[in-house]
Ligand code: HEM
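Residue numbers (the working numbering): 93 to 268.
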């Protein structure tokens, strides 16, 4: 068992955890859309709590192990650089786009009781929440393809375009 194989193990464990977080978020967003009372909203928001530790921990594990493997064996090829930038982008937008909106939903729901108010419904139906989640799924699937196929620059561009296509298909098929 070398440092390299240990890093690959940590890397794959991190990517499983990262993807589980995305699935958890999917479940939470689906429930939020269906909620009819503020109490349901507050209860559903608990689904997102584990993400506060899951996402940064798995993100750090993926990046640190990935950087080591790149340094040790692959060099900084296009598929690695694009994946690294994408993961950093995902980490930044997860907090600023989704985290901020969920916090606003939580604040509004804790002031309301009973039937969901018009203001809260508007926050729950914010398309940015759902579109950004669809884009994240597309990007993570494309990164997994980059990791496995390790393509050249053209292949990287095609897989990233594929990510947007996946996001569009998800958006079209999961819209209410
Ligand atoms: C969400 C983001 C990521 C996921 C889900 C992911 C997932 C994976 C998976 C499943 C493998 C194994 C592929 C195989 O053995 O055929 C792998 C390999 C690899 N990953 Fe990532 N990865 C991600 C991000 C990154 C980043 C940001 C870097 C660089 C900083 C990176 C660097 C590498 C390298 C160098 C390998 C090659 C290991 C080998 O085949 O020996 N990964 N990744």
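Positions of the beta carbon are idealized from the N, C-alpha and C atoms, including for glycine.
Using a Cβ distance threshold of 8 Å, residue 174 and residue 239 do not count as a contacting pair. If you ignore the 5 residues before and after residue 205, its C-beta comes within less than 7 Å of the C-beta of 130, all in its own chain and listed in chain order.
The Cβ-Cβ distance between residue 223 and residue 263 falls below 8 Å. Here the alpha carbon of residue 132 sits roughly 47 Å from the alpha carbon of residue 168. Our two residues, residue 225 and residue 93, have alpha carbons roughly 37 Å apart in a direct line. Residue nearest to residue 98 within the set 190, 158, 210 is 158 (criterion: CA-CA distance). Where residue 125 is concerned, the enclosing alpha helix (DSSP H) starts and stops at 95-126.
For residue 259, same chain residues with a beta-carbon under 6 Å away, outside a window of 5 residues either side, are 226, 227, 230 in chain order. DSSP, reduced to helix, strand and coil, places residue 141 outside both helices and strands of the structure shown, so it counts as coil.
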